[in-house]
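Asks:
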Amino acid sequence: MYPKVFSDFKDFTASFGPVECLNTRLFLEGPKIAEEFEVELERGKTLHIKALALGDLNRAGQREVFFELNGQLRSILVKDTKAMKEMHFHPKALKDVKGQVGAPMPGKVIDIKVKEGGQVEKGHPLCVLSAMKMETVVNSPMSGTVKKIYVKTEMSLEGDDLILEIE
1 MYPKVFSDFK DFTASFGPVE CLNTRLFLEG PKIAEEFEVE LERGKTLHIK
51 ALALGDLNRA GQREVFFELN GQLRSILVKD TKAMKEMHFH PKALKDVKGQ
101 VGAPMPGKVI DIKVKEGGQV EKGHPLCVLS AMKMETVVNS PMSGTVKKIY
151 VKTEMSLEGD DLILEIE
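Under UniProt numbering, the sequence shown has 109 at position 109, and the numbering climbs by one with no breaks.
1) Around the Cβ of residue 137, are there at least 16 other Cβ atoms within 10 angstroms (buried) or fewer (exposed)?
2) If we ignore side chains and look at the alpha-carbon of each, how far apart do residue 4 and residue 158 end up?
3) What runs of the beta strand (DSSP E), each 3 residues or longer, lie entirely inside the segment 30-91?
4) Quick one: grab the DSSP three-state call for residue 136.
5) Would DSSP call residue 3 helix, strand or coil?
6) May I ask you to report which of helix, strand or coil DSSP gives residue 14?
7) By alpha-carbon positions, which one of 127, 118, 69 ends up nearest to residue 103?
8) Pair every Cβ in the segment 138-146 with every Cβ in the segment 72-82, then say whether three or more of these pairs are closer than 8 Å.
9) Ordered along the chain, which non-local residues of its own chain (more than five positions away) have a Cβ less than 6 Å from that of residue 47?
10) Expressed to the nearest angstrom, what Euclidean distance is found between the alpha-carbon atoms of residue 160 and residue 166?
11) Whose C-alpha, out of 36, 11, 80, 130, is nearest the C-alpha of residue 69?
12) Once the 5 residues before and after residue 12 are set aside, which same chain residues still bring their CB inside 8 Å of it?
13) Could you check the C-alpha separation between residue 32 and residue 17 for me, to the nearest Å?
14) Going by DSSP, what residues sit across from residue 149 in a beta bridge?
15) Return the bridge partner residues of residue 108 from the DSSP annotation.
16) What residue from 45, 42, 34, 89 has the CA that sits closest to residue 53's CA?
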């Protein structure tokens, strides 16, 4: 093994334990629900594991994994890296920062009415959000220049997600 590869492997095993005891498919994909398998840590020391269920994805991109370890029910939180790629993390508008415009409600961006560098007057339409088949126009709270737009059409937003900045 090359020195860098070996040191990376040792760091990995220091963090995650004796992963060399797992077969390749279990290591790369993880077990399927209701799958039972054994991991022999050393001679005479074998773990009996059964995958039971996956919980829902939380806001941090983690799932609770339920399993039996030697007949005892256990659960752990694990990062779902596949789901994390699909999740979007959006900055929030700070109410005390003048010029930051946040989403008034959760919804999908239907239309953006301004461009970066464009001038806006107070009350000028900035974008249109759609939620539950209703459209809401987000208007400018002040006059100024659009400094930066943080959203694109078809993007889903939560309440207070930063839409754009005006200076």
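C-beta atoms are modelled at their ideal positions from N, C-alpha and C, and glycine is treated no differently.
Replies: Based on what the coordinates show:
1) The residue you call residue 137 lines up with position 137 of the sequence shown. Of the other Cβ atoms in all chains shown, fewer than 16 fall within 10 Å of the Cβ of residue 137; this residue is therefore exposed.
2) Translated into the one-based positions of the sequence shown, residue 4 becomes position 4. Translated into the one-based positions of the sequence shown, residue 158 becomes position 158. About 43 Å.
3) Counting only runs of 3 or more, we get 36-42, 45-54, 62-69, 72-79.
4) To locate residue 136, count along the sequence shown from 1; it is residue 136. Strand.
5) Mapped onto the sequence shown, residue 3 falls at position 3. For residue 3, the three-state secondary structure derived from DSSP is helix.
6) Counting from 1 along the sequence shown, the entry for residue 14 is found at position 14. DSSP places residue 14 within a helical segment (H, G or I) once states are collapsed to three.
7) Looking up residue 103 in the sequence shown gives position 103. Of the listed residues, the one whose Cα sits closest to residue 103 is 127.
8) Not touching, per the Cβ criterion.
9) Mapped onto the sequence shown, residue 47 falls at position 47. Excluding sequence neighbours, residue 47 sits near 39.
10) As a first step, residue 160 must be located in the sequence shown, where it is residue number 160. As a first step, residue 166 must be located in the sequence shown, where it is residue number 166. CA-to-CA, the gap between residue 160 and residue 166 works out to about 16 Å.
11) Against the sequence shown, residue 69 aligns to sequence position 69. With distances taken between Cα atoms, residue 69 lies closest to 36.
12) Numbered from 1 along the sequence shown, position 12 holds the residue referred to as residue 12. For residue 12, same chain residues with a beta-carbon under 8 Å away, outside a window of 5 residues either side, are 19 in chain order.
13) By 1-based counting over the sequence shown, the position of residue 32 is 32. By 1-based counting over the sequence shown, the position of residue 17 is 17. Approximately 21 Å, taken between the alpha carbons.
14) Numbered from 1 along the sequence shown, position 149 holds the residue referred to as residue 149. Looking at the DSSP assignment, residue 149 forms a beta bridge with 164.
15) Numbered from 1 along the sequence shown, position 108 holds the residue referred to as residue 108. Answer is 130, 156, bridged to residue 108.
16) Counting from one through the sequence shown, the residue named residue 53 turns up at place 53. Checked all of 45, 42, 34, 89; the closest Cα to residue 53 is 34.
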